[in-house]
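Numbering (the UniProt record's numbering), first residue to last: 47 to 766. No residue lacks a Cβ here, since even glycine has one placed at the ideal position from N, Cα and C. Everything on this sheet refers to the single structure shown next.
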Amino acid sequence: MVNEGPVKSWHKSVCRYCGTGCGVMLGMDENKKLARVRGDEEAHNKGVICIKGSLLAELMEKKDHRLKQPMIRKNGKLEPASWDEAMTLVADKFKTSIKDHGPNSVAYYGSGQLFIEESYTANKLFKGGIGTNNVDGNPRLCMASAAVGYTQVFGKDEPAGCFDDIDHADTFFIIGSNTYECHPPIWERIMRRKDSGKDVKIIVVDPRRTKTADHADFYLPVVPGTDLLLLNAMLHVIVKEGWQSEEYVQQHINFKKGSDTVSFEEFKTFLEDYSPEKVEEELGVSAPQIREVAYYFAKAKSSMSLWTMGLNQRVQGVFLNNTMNSLHLVTGQINKKGATPLSMTGQCNACGGVRDTGSLSHILPHGRLIKKPEHRAEMEKLWGVPAGRIQPKPGYNALSLFQAMNDEKVKAVLVMCTNPAQSMPNIDHYKPGMEKTFMVVADAFDSETIKYADVVLPAALYIEKEGVYGQTERRYQLIEKLVEPYAESRSDLDILVDFAERIGYGDFISSKTSAEVWEEYRHLSSHSKYNFEGITRDRLKEERGLQWPCPDEKHPGTARRYIPGDPFVPQGKEVFFYGHKDGKANVFLRPYIRGNEQVNDEFPIYLTTGRVISQWHTGSMTTTVKELNTQSGPGRFKLHPQDASHYNVKTGDTIRVTSSRGTMTGKLEISELETPGVVFAAFYDKSFIINQVVSDDHDPYSKQPDYKVTRVKIEKVAAN
Ligand code: SF4
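In structure tokens:
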């Protein structure tokens with residue numbers, strides 16, 4: 047039970063979990079233990095937090111699940127070791143691999159939960175020091191399609207708008223997001239807007255009738271995998287009815303077919319194939335419904351779209367993200383209060399820590415791309431490394447990295463703060479590689495991945511260390527260290543600095559503390575349009591986060607990009623998408639393509655996966671908190687009564703779900719909230735690893751896997 051004793055001091059901080067990045071107040075008791083947590087009224091979330099955030103104190107108390115000391119695998123068994131023994135072994139293995147097989151024989155696999163300072167340091171060490179682009183991580187699994195989508199459309203990643211837009215929107219278009227459960231403070235803010243007396247419409251698009259869908263004015267239960275038909279059909283209606291913004295079409299948009307610029311007329315011709323009547327049967331939504339939501343989207347004073355994994359974790363994830371942005375651009379529902387496309391993130395620091403620091407295998411800090419010679423040259427100069435040090439080709443992404451481990455091309459990998467043995471799709475396929483590769487796993491908690499580790503490094507958790515998170519709306523917020531690291535654990539930054547020194551890059555990784563790294567990184571940003579040089583550590587200590595761009599210390603930060611107030615918009619311009627030289631955004635003609643996972647006689651039903659309100663990701667943290675487990679219960683399948691009747695199963699029965707990738711057996715719950723033709727499972731329970739069944743088909747551009755659409759068959763194993 048959480049210590050609810052008297053609080054000696056309150057400290058502003060940020061929740062450890064999701065990309066909402068809620069401000070929290072942490073109450074420390076006289077023993078310097080975290081005793082109480084409440085929402086921070088002065089932060090952007092206005093004091094609202096969800097159950098997970100409210101139980102952060104209990105998370106910090108769960109010592110029995112924490113990793114206590116370094117361990118080395120000997121004769122198949124992990125045995126305690128000193129830090130020096132463990133790090134000597136790690137350094138030797140990496141150095142030998144680099145010497146014998148070249149820099150691309152090693153890799154780093156990180157997380158959207160490390161601090162910015164940590165991810166930046168790992169990225170700099172591997173790409174600029176060792177000279178390999180094998181830097182990737184779990185954000186590849188959750189938001190790579192959004193990042194690629196924004197970059198293609200606006201020339202720069204990260205959203206234009208912010209959470210404040212919720213207070214001004216009249217139409218909310220929520221697609222592929224169970225906001226009610228996964229981002230509760232955002233949902234509550236939408237509800238406050240709905241209850242404000244204004245004529246506010248909520249449109250929810252989801253194959254599942256989630257709790258979010260339950261509150262919608264318009265709920266569109268699309269067939270899994272078909273929603274690009276809906277977005278193109280909405281565009282079809284909009285241009286047929288003449289609801290487009292002439293200003294945007296004439297002045298701010300380049301219509302693109304591949305890399306070719308085409309006319310608006312050609313765009314209209316492309317949309318001819320997507321009339322509501324043509325798509326309604328495959329989509330599962332009637333033509334009148336499509337027309338109705340197109341109207342409310344286009345004609346509202348301000349329309350705001352929110353989406354997350356339902357759009358990103360898809361074989362057409364980038365096309366979906368492109369087209370979601372297109373809807374806003376074509377209708378001019380952008381660049382004004384309440385009108386913005388906003389892709390939300392699942393991890394606390396996926397945006398700031400991974401996308402902004404360039405810690406994926408195809409990018410470099412601050413929107414630079416590995417494939418562009420001028421971007422590589424710029425980073426080499428800024429990092430002070432010889433020309434050609436940064437390799438010209440992207441490194442392995444999450445899927446290709448674990449395949450390269452299967453193929454023994456990667457010999458040693460450093461995994462930090464993530465649990466790929468539970469989170470990767472088609473996981474059984476990738477386990478042989480985890481067995482064969484020298485795997486170093488740094489984490490705070492025990493996890494499935496530890497089973498494959500050759501060396502385990504206990505990592506400090508949350509307020510046991512200091513650093514900056516960057517959440518969904520480009521807001522950087524500081525987490526100050528309030529307690530000492532548990533047992534022998536060390537911050538991930540300390541681990542990385544030690545590792546760098548032992549493999550010969552101690553001088554290159556010259557910033558050794560979190561504050562020093564921030565100074566280096568902050569100044570580095572001034573060479574880019576992500577400029578946040580004005581976000582000093584001292585300001586972060588005082589303020590409730592600051593949104594970049596923020597080029598100098600007097601600058602208040604930028605809530606909305608591409609309009610006056612954004613320091614990169616030239617004077618006299620009302621709108622300027624400065625990611626592209628001509629200041630225009632791209633609207634792509636993106637055809638719907640059927641994925642491989644179409645149901646058939648052998649696999650007649652779709653499996654889709656997602657989260658529940660009281661658990662988070664693979665559950666390595668949240669399943670250690672009793673109240674959260676009580677609320678969620680164990681992992682299980684969920685099915686609509688209609689399908690239950692077809693399969694002659696009921697709640698409590700055990701069923702087997704099989705795809706072309708694998709099989710999972712588990713308990714069943716029948717729920718009216720599910721959709722006929724779809725079986726649902728969450729992925730937080732390590733005794734119910736649904737990712738064994740999930741397809742590893744992926745988007746060809748973002749390389750993000752599709753966790754949402756896998757065709758499966760169901761068999762009854764045992765009655766309750
Ligand atoms: Fe934490 Fe996300 Fe809940 Fe906010 S919504 S309290 S950031 S888990």
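- Those residues that have a beta carbon less than 6 Å away from any non-hydrogen atom of ligand 1 are, in order along the chain, C61, Y63, C64, T66, G67, C68, I95, C96, K98, G99, H229, P230 and P231.
- Collapsing the DSSP output to three states places L445 in a helix.
- For A190, the enclosing alpha helix (DSSP H) stretches over residues A190 to F200.
- In this structure H569 is exposed. Its beta-carbon is surrounded by fewer than 16 other beta-carbon atoms within 10 angstroms.
- Between L171 and A546, the C-beta gap is smaller than 8 Å, which places the two residues in contact.
- By the neighbour-count criterion, in which 16 or more other beta carbons inside 10 Å mark a residue as buried, R238 falls on the exposed side.
- Cβ neighbours of G330 within its own chain (closer than 6 Å, five residues either side excluded): V268 and V269.
- Counting of Cβ neighbours within 10 angstroms places S535 among the buried residues, the total reaching 16 or more.
- With the rule of 3 Cβ pairs closer than 8 Å, the region 521 to 540 counts as touching the region 149 to 165.
- The C-beta distance from T664 to V740 rounds to 13 Å, too long to meet the 8 Å contact threshold.
- Within the same chain, V364, N367 and N368 come within 6 Å of G195 by CB-CB distance, once the 5 residues on both sides are set aside.
- Between the alpha carbons of Q617 and G723 lies a gap of roughly 54 Å.
- When the alpha-carbon of Y226 is set against those of I95, G441 and V514, the nearest one is in I95.
- Between the alpha carbons of S348 and K619 lies a gap of roughly 21 Å.
- Minimum Cα-Cα distance from L160 among the listed residues S560, S321 and V703 corresponds to S560.
- Rounded to whole angstroms, the gap between the alpha carbons of T604 and G378 is 20 Å.
- Per DSSP, G85 is one residue of the beta strand (DSSP E) stretching across L80 to G85.
- The beta carbon of K630 lies closer than 7 Å to those of H298, I299, N300 and F623 in the same chain, with the five residues before and after it left out.
- Rounded to whole angstroms, the gap between the alpha carbons of T272 and T756 is 13 Å.
- Secondary structure of A137 (DSSP, three-state): helix.
- The distance from the Cβ of K754 to that of G356 is about 6 Å, consistent with a contact at the 8 Å cut-off.
- Nearest neighbour of K92 by Cα position, chosen from T178, H111 and V60, turns out to be V60.
- Between E426 and H573, the CB-CB gap reaches or exceeds 8 Å.
- In the three-state reduction of the DSSP assignment, E293 falls in the helix class, which pools H, G and I.
- DSSP lists V60 as the bridge partner or partners of G69.
- DSSP, read as helix, strand or coil, puts W353 in strand.
- As computed with DSSP, Y154 is found in a beta bridge with V181 and L460.
- The alpha-carbon of I555 is positioned some 26 Å away from that of D598.
- The alpha-carbon of D731 is positioned some 5 Å away from that of G681.
- Under the three-pair Cβ rule at 8 Å, the region 378 to 395 counts as touching the region 203 to 217.
- Here E512 carries a coil assignment [DSSP, helix/strand/coil].
- For K314, the enclosing alpha helix (DSSP H) stretches over residues F310 to L317.
- Only residues of its own chain outside the window of five on either side were considered, and among them Y166 have a CB closer than 6 Å to the CB of Y567, listed in chain order.
- The shortest CA-to-CA distance from V251 to any of N224, W233 and A467 is the one to N224.
- Under a 10 Å Cβ-count criterion, R82 is classified as buried, with 16 or more other Cβ atoms of the shown protein chains found around its own Cβ.
- Straight through space, the alpha carbons of V501 and V136 are spaced by roughly 7 Å.
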